[in-house]
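Numbering (the working numbering), first residue to last: 21 to 354.
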């Protein structure tokens, strides 16, 4: 008879110890949820400091001014874009990347080139003027808007971008939802009416502009742009672009006109697939840190706490046996 109370005492002690362990585990998991959601989520979901990538856009049957003849020609043009990160110039909050864009014929004859360096917020993608930025060797141009990407969890609203050709901020208006290779994307469109392109334009012979007389004539370059972006909204990753541009050379009096460029550049399918893979990697992290870890950890933590409470409130088997034995039987047993 003396062994029963000792066994009951051992069970109570074991349950109490197990309950304390479960309560500690549950409290730890419930404390980890906001840490994962607020801190780890924010630390991991950033644009990288290191970046080395090249993408291409192709315009078929484009009209352009042939540098050899200075007359309009028709052919395929390729626009190549390089992005290179300056790791040492970046930090926890900002990244510093260099971008260069070259437009050339299929034979490799360069028609246009732009280069810039800038810093941007690694979470929002917004330009930060801080770190020796420049555009085409001009350090006095202050760039603003989104740089290279949209923010994580992009919204169905308009965003400001910086146009390299026009050297000024422009608006990319939200234009709808569209699937690209089965992935939902937000479509944003930049519609820029005819504007004077900053910078000097080399004069051309009058006869090339359809004007009488000899000698050269001064020109202004005007551009009309419609640029469409397809952005995976969760990651903020641009998936592809359609860059439709028309450039015209115009004399000061407006009598002479010549088409310098009329093209529609589309991102190659290879680069579209690569961008989708990048977006998918970000989405997996966002799902894990934003949903799976908090929900799963919360459910497990709550389960541990509830189990601990149940074990603490549960009576020992000996006490339960005493409750189940009638009083007269206890008296007889004595």
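Virtual Cβ for every residue (Gly too), placed ideally from N, Cα, C.
Would residue i and residue j be called neighbours here (beta carbons separated by less than 7 Å)?
| i | j | result |
| --- | --- | --- |
| residue 126 | residue 96 | yes |
| residue 207 | residue 170 | no |
| residue 279 | residue 268 | yes |
| residue 211 | residue 246 | yes |
| residue 287 | residue 261 | yes |
| residue 75 | residue 291 | yes |
| residue 187 | residue 218 | yes |
| residue 98 | residue 83 | no |
| residue 181 | residue 165 | yes |
| residue 115 | residue 69 | yes |
| residue 134 | residue 121 | yes |
| residue 67 | residue 142 | yes |
| residue 361 | residue 71 | This structure cannot settle anything about residue 361, because the visible part of the chain is limited to 21 through 354. |
| residue 172 | residue 110 | no |
| residue 238 | residue 223 | yes |
| residue 132 | residue 123 | yes |
Who are the Cβ neighbours of residue i in its own chain at under 8 Å, not counting the five residues just before and after it?
| i | result |
| --- | --- |
| residue 34 | none |
| residue 277 | 229, 230, 268, 269, 270, 271 |
| residue 348 | For residue 348, the pLDDT reaches just 49, beneath the cut-off of 50, and the residue's location in the model is therefore unreliable, although a value from the coordinates is still provided. For residue 348, where only same-chain residues beyond five positions count, there are no Cβ hits under 8 Å. |
| residue 185 | 134, 217, 243, 245, 265 |
| residue 236 | 223, 224, 225, 226 |
| residue 81 | 94, 95, 96 |
Given residue i, which residues of its chain have a CB within under 6 Å of its CB, disregarding the five upstream and five downstream residues?
| i | result |
| --- | --- |
| residue 155 | 136, 161 |
| residue 179 | 166, 192 |
| residue 233 | 226 |
| residue 183 | 190 |
| residue 209 | 193, 195, 248 |
| residue 176 | 194 |
| residue 163 | 138, 147, 182 |
| residue 285 | 77, 79, 99, 263 |
| residue 21 | Only weak support is given to the placement of residue 21: the predicted model assigns it a pLDDT of 44, under 50, and the value that follows is read from those uncertain coordinates. Nothing listed; no residue qualifies. |
Taking C-alpha atoms, which residue in the options lies nearest to residue i?
| i | options | result |
| --- | --- | --- |
| residue 174 | 144, 243, 85 | 144 |
| residue 259 | 138, 274, 237, 295 | 295 |
| residue 283 | 117, 195, 69, 77 | 77 |
| residue 243 | 221, 91, 71 | 221 |
| residue 91 | 281, 289, 285 | 281 |
| residue 100 | 128, 87, 275 | 128 |
| residue 168 | 73, 293, 157, 85 | 73 |
| residue 293 | 86, 252, 275, 274 | 252 |
Compare the C-beta of residue i with all C-beta atoms of chain C and state if any pair is closer than 7 Å.
| i | result |
| --- | --- |
| residue 279 | Among the chains of the structure shown, chain C does not appear; only one protein chain is present. |
Practice task
Please confirm if the stretch 294-303 is in contact with the stretch 195-209, defined as three or more CB-CB distances below 8 Å between the two stretches.
Solution key: yes
Problem - Three-pair Cβ contact test at 8 Å for the stretch 139-154 versus the stretch 100-118 - result: yes
Handout entry: 3 or more residues per run - each beta strand (DSSP E) lying fully within the stretch 69-109
Key = 72-86, 91-105
Exercise for the section: Quick one: which unbroken alpha helix (DSSP H) runs of 4-plus residues sit fully inside the stretch 108-146? Chain order, please. Expected result: none
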